[in-house]
Amino acid sequence: MMREAPLLARYAESLFWMARYLERVENLGRLIDVTQSFETPGRETESWFALVRINADEEGFARRGLAPGAEQVKQFYLLDHANPTSVPASLESARTNARTLRPLISTEMWMQLNMFHREMSNIAPAALQGDRLSRLCARIKEGVQAHTGITEGTFFRDEGWCFYQLGRLIERADQTTRLIDIRYHLLVPQAGEERRVAELTQWFSVLRAAAGYHAFRRVAPPGFTPADVVSFLLTDLAFPRSVALCVEQMEWLLGQLRGRYKLRGTVPALERTEELRAALLGRPVERVIHDGLHQFLDGVQRDLILLAAEIGTAFFRDWRPLAEPAAAMQSQSQG
Amino acid sequence: MDSITHDPFRDYQPGPYFCELTSQRADDMGTSAEIRARLAAIGLDALRARATAAETDLINLGVTFTVYSQAAAIDRILPFDCIPRVLTAAEWRKLEAGVKQRVAALNAFLHDVYHQGRIVKDGVIPGELVFGNANYRPEMADFPVRFGTYVHICGIDIVRDRAGDFLVLEDNARTPSGVSYVVENRHLMSRAFPDLMAGMPLRPVDDYGRRLLSAMVEIAPEGVDDPQVVLLSPGIYNSAYFEHVFLAREMGVPLVEGADLVVEDERVWMRTTAGRRAVHTIYRRIGDDFLDPTVFRPDSLLGVPGLIGAWRRGNVTLANAVGTGVADDKAVYAYLPRIIRYYLDEDAILPNVETHICREPEGLAYTLDRLEQLVVKPVGESGGYGITIGPRASKAELEAARAALIADPANWISQPVISLSVAPTLTETGIGPRHLDLRPFAVTGRDTWVLPGGLSRVALKEGSLVVNSSQGGGSKDTWVLDDEGPQAGPAAGREG
């Protein structure tokens, strides 16, 4: 007879964060790729700095004394280990969590992450130049996708799996709102036809970055508009990166924790997902755009933060009575 | 020269030392010759290529220990030598019996010194060595442990002299490490050298986790039906973290850090997503000093406040017990043959290396007279630190050792230089002899079980006698042969 295996709160939190960091890395790869394809001669700085803005990294960028240029932004996200939102730093955090989780995750998961981390910790500056940048972005995406596939095929499906999925879905939903946000200023309601076609070209790039272009073409109404693209990214329940699908899956996972694993404390988090769902599906996207898409996306991002906080309060909070850095120092001096 | 036909053992010269592969052994059943033939068939170049690939594997798998320098934490692998060290069935029977005997004596000794102290009253060992020992824990006095087992996990360092006789160099009765490498080395060998292993009559090593878990369940407080076992680690920054992961996985129990545990009503609980859950046995990989800040070091952040209280109430078992350090002290070691005779009324199956106790005037005088011939060791250190090897020391080093001896004789023991056995090892210039030792691991709950083989640590530098991983040592897979000879190799179509 199999034993029932309890899940340490600390492991649950590490799973949640490992998944978040990896999802962030994949999306950063997507964002950088799409930014490069938007780059228009003479306006590179503006395009690239938009990346800093949508990640809310203006302060960190300025603190490092960087001028807002294309090269600086690329380096900030791809080479700068000291920038906590960079690819190498996010992978470092993912690996640290994975190291904590080694008793729990599969050897194959650990090994792939270990090797991917090593590769991305040593990105050569030349890899940021010309057509090599797009190839680098492809490698970043593939590395996370390999992780996802290995996890799907090897990670034990108990409650830990739910926390892993919750982390990645929260991050994915958040990142999709940022991907939309990168182009929000293009949505000018009264633009002429020519402008509209140019806009659509850019929105197609967003769709491609989110791997949703072909699916969108299949389901889009004839004579679609940019608003249809936004609607697809926010609310389509078949598109893997849509915010609404992420929310729906999170509801299901919270239900699993409550029903199948008998965990208490899911109710506040479930209330947050209900609010999110109402905000996303409660009114037509044209209305949302008219009222201010940027503000709306900000609101969704805030709700996701609150949702993460509810999950943390219910399941993770309990294990941390200590000041971590001091404990780490002492641990290092132990034989 | 054609590397396929070149016998890599052609120039192999073990010198005056006992060789673990080529020296004659009665019950070898032709296995050593078969191994040599297979290694020759693989050839030196392929051996090198496979050895390199195997080490890359270890890095990717994160089978590493962490070395801390001032600035950075570096993950290192324990260098791996692909030529196995072979123990025959008869050799192993003797080692196994010797290790069991030693563990029994260590436990009897600990029970005695934490109860009546008969061995001191009977004058077998000086009371000062026991009760004045920094590792003696007065908190343990009269405290009952199940089955009288204090040392649940024990590692005993064993060497072989020129005649091939086994000698015990050191007991490790606190938190001995290295067992993960025993199992990982075997996995690595079967991945990289299936053709070398096929049909070899080897005792398996993968039963360790199951045996360990059974022992941890046995020693849980009485009356607990389905005890919860955990492994307590200082965490991911500890240099042996990989081994902690390995042990937790092999047992299938949670790896906890101090912050995961909480003591309430003198019971230990772990913090899970479903709230608190009772814990009954803790295999702790944290030193005594750090276990409980309310009893031992108050600045410890790794331990669990109240743990010792819960333990004294009998609500949780710690493995190893607190206070076992008094038994594996290098000064107490010198008395082990007498300790074995005292409790078990037997002679030691595995003798000690001749040891001079410098706290005794004769021992000090003997040592000072022959400093340049002896190995001088501090009693409280481990990891090969603080050792002076007389024949290899410079004048200045010898004088420093002499001054240290005179300043604090009780801190030192001395031993003759043992001509450690060698084993064929892959080197830059071909296959050459390198010195090695052996650390078998014993697990004790109600009874003692010894993992077949153990960790063979090899000094990779030519002529070096220091096998510690912190000082340039590597390891080998350790093969314990069954009573049968080798079966046909892969060429004859056997599956690996």
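Listed in order, the protein sequences are those of chains A and B.
39 is the number of the first residue of the first sequence in the working numbering; add one for each residue after it.
22 is the number of the first residue of the second sequence in the working numbering; add one for each residue after it.
The C-beta atom is built at its ideal place from N, Cα and C for all residues, glycine as well.
Everything numeric in this text was worked out from a predicted model, so none of it was measured.
Which chain A residues sit within Cβ distance under 7 Å of residue i?
i: V266 (chain B); result: R140 and P141
i: M19 (chain B); result: Nothing can be reported for residue 19 (chain B): it is not among the residues displayed for chain B, which extend from 22 to 517.
i: R270 (chain B); result: P141
Between the alpha carbons of residue i and residue j, how many angstroms are there, rounded?
i: E286 (chain A); j: D266 (chain A); result: 20 Å
i: A386 (chain B); j: S44 (chain B); result: 38 Å
i: I303 (chain B); j: N336 (chain B); result: 11 Å
i: P12 (chain B); j: E117 (chain B); result: The structure shown does not extend to residue 12 (chain B), since chain B is modelled only from 22 through 517, so no value can be given for it.
i: Y229 (chain B); j: V238 (chain B); result: 14 Å
i: L234 (chain B); j: A213 (chain B); result: 29 Å
i: D193 (chain B); j: D349 (chain B); result: Per the sequence shown, residue 193 (chain B) should be read as Asn rather than Asp. Going from the Cα of N193 (chain B) to the Cα of D349 (chain B) covers about 6 Å.
i: S496 (chain B); j: L174 (chain A); result: 39 Å
i: A94 (chain B); j: Q183 (chain A); result: 29 Å
i: V467 (chain B); j: L127 (chain B); result: The sequence shown places Arg at residue 467 (chain B), not Val. Distance between the alpha carbons of R467 (chain B) and L127 (chain B) is about 15 Å.
i: C379 (chain B); j: V145 (chain B); result: 17 Å
i: D498 (chain B); j: C103 (chain B); result: 7 Å
i: A361 (chain A); j: P326 (chain B); result: The pLDDT assigned to A361 (chain A) is 39, lower than 50, so where the model puts this residue is not dependable; a value taken from the coordinates is nonetheless given after this. Whole-angstrom Cα-Cα distance: 15 Å.
i: R376 (chain A); j: F254 (chain A); result: Examination of residue 376 (chain A) is not possible in this model, given that chain A is present from 39 through 373 alone.
i: A61 (chain B); j: V200 (chain B); result: 30 Å
i: F164 (chain B); j: I329 (chain B); result: 12 Å
i: F54 (chain A); j: Y258 (chain B); result: 21 Å
i: A111 (chain B); j: R302 (chain A); result: 58 Å
Is it buried or exposed, residue i, if we count other Cβ atoms within 10 angstroms and call 16 or more buried?
i: W148 (chain A); result: buried
i: P37 (chain B); result: exposed
i: V281 (chain A); result: buried
i: S269 (chain A); result: buried
i: E157 (chain A); result: exposed
i: N450 (chain A); result: Within the shown structure, residues of chain A are numbered from 39 to 373, placing residue 450 (chain A) beyond reach of any answer.
i: W433 (chain B); result: buried
i: A236 (chain B); result: buried
i: A211 (chain A); result: buried
i: Y59 (chain A); result: buried
i: M40 (chain A); result: exposed
i: L275 (chain A); result: exposed
i: R81 (chain A); result: exposed
i: T304 (chain A); result: buried
i: P215 (chain B); result: exposed
i: P44 (chain A); result: buried
Give the interface partners of residue i over in chain B, defined as CB-CB distance under 7 Å, in chain order.
i: M153 (chain A); result: N81
i: F353 (chain A); result: T294
Can you pull the chain B residues whose beta carbon is under 9 Å from the beta carbon of residue i, in chain order?
i: M158 (chain A); result: Within 9 Å Cβ-Cβ: nothing; M158 (chain A) doesn't reach chain B, min ~15 Å.
i: E197 (chain A); result: T294 and A295
Can you tell me whether residue i sits near the ligand MN, meaning its C-beta is under 8 Å from at least one heavy atom of the ligand?
i: P215 (chain B); result: Absent from the structure shown: the ligand MN. Ligands present: none.
Given that residue i touches chain A, what residues does it touch there, using C-beta distances under 9 Å?
i: V277 (chain B); result: L46 and R48
Identify the contact partners of residue i in chain B, using a Cβ-Cβ distance below 8 Å as the criterion.
i: G149 (chain A); result: With the sequence shown as reference, residue 149 (chain A) is identified as Met, and Gly is not the correct amino acid for it. Correct list: N81, L82 and G83.
i: L301 (chain A); result: T294 and A295
Under 8 Å Cβ-Cβ, which residues of chain A neighbour residue i?
i: R478 (chain B); result: Per Cβ cutoff of 8 Å: no residues; R478 (chain B) is ~16 Å from chain A at best.
i: A331 (chain B); result: By Cβ distance, chain A contributes nothing, its closest Cβ being about 17 Å from A331 (chain B), past 8 Å.
i: A298 (chain B); result: The question names Ala, but residue 298 (chain B) in the sequence shown is Arg. Chain A residues near R298 (chain B): P44.
Mind pulling the chain C residues with CB within less than 8 Å of residue i?
i: T145 (chain A); result: Chain labels in this structure do not include chain C; the protein chains are A and B.
Fill in: Completely contained alpha helix (DSSP H) runs for the stretch 109–186 of chain B, where each covers 4 or more residues
At a cut-off of 4 residues, the continuous stretches assigned as alpha helix (DSSP H) that sit fully inside the stretch 109–186 of chain B are 110–134, 139–142 and 148–152.
Next on the checklist: Using a Cβ distance threshold of 8 Å, determine whether the stretch 119–131 of chain B contacts the stretch 161–174 of chain B, with at least three qualifying pairs required.
Outcome noted: yes
- Message: Threshold first: 4 residues or longer. Then list the alpha helix (DSSP H) segments lying entirely within the stretch 380–409 of chain B, N to C.
- Response: 382–390
Item to check | Meets three-Cβ-pair contact criterion under 8 Å: the stretch 75–94 of chain A and the stretch 140–156 of chain A | outcome: no
Complete beta strand (DSSP E) runs within the stretch 449–483 of chain B (minimum length 3 residues, chain order) = 451–460, 462–465, 469–471 and 476–480
*Okay, do the stretch 339–354 of chain A and the stretch 25–35 of chain B touch, 3+ Cβ pairs below 8 Å being the bar?*
no
- Item | Meets three-Cβ-pair contact criterion under 8 Å: the stretch 77–86 of chain A and the stretch 108–125 of chain A | yes
request  = Report the residue ranges of all alpha helix (DSSP H) runs contained in full by the stretch 125–200 of chain A; include only those spanning at least 4 residues, in chain order.
outcome  = 125–138, 145–158 and 170–192
| query | Does the stretch 283–292 of chain B touch the stretch 259–266 of chain B, meaning 3 or more C-beta pairs lie closer than 8 Å? | reply | Because the criterion of three Cβ pairs below 8 Å is not met, the stretch 259–266 of chain B and the stretch 283–292 of chain B do not touch.
Fill in: Given 8 Å, three or more beta-carbon pairs between the stretch 193–205 of chain B and the stretch 359–367 of chain B
no
Answer yes if the stretch 239–256 of chain A comes into contact with the stretch 65–73 of chain A, meaning at least three C-beta pairs across the two stretches below 8 Å, and no otherwise.
-> yes
The stretch 232–244 of chain A in contact with the stretch 257–264 of chain A per 3-pair CB rule at 8 Å:
yes
Report task. Assess, as a yes-or-no matter, whether the stretch 433–442 of chain B is touched by the stretch 389–403 of chain B under the definition of 3 or more beta carbon pairs within less than 8 Å. Result -> Under the three-pair Cβ rule at 8 Å, the stretch 389–403 of chain B counts as touching the stretch 433–442 of chain B.
Would you mind listing the alpha helix (DSSP H) stretches within the stretch 415–447 of chain B that are 4+ residues and don't spill past its ends, in chain order? For the stretch 415–447 of chain B, whole alpha helix (DSSP H) runs of length 4 or above, ordered along the chain, are 416–428.
message: What ranges does the alpha helix (DSSP H) occupy inside the stretch 267–334 of chain B, keeping only unbroken runs of at least 4 residues that lie completely in it?
response: 328–333
>> Pairs of beta-carbons, one from the stretch 218–228 of chain B and one from the stretch 272–286 of chain B, closer than 8 Å: are there three or more?
In response: no
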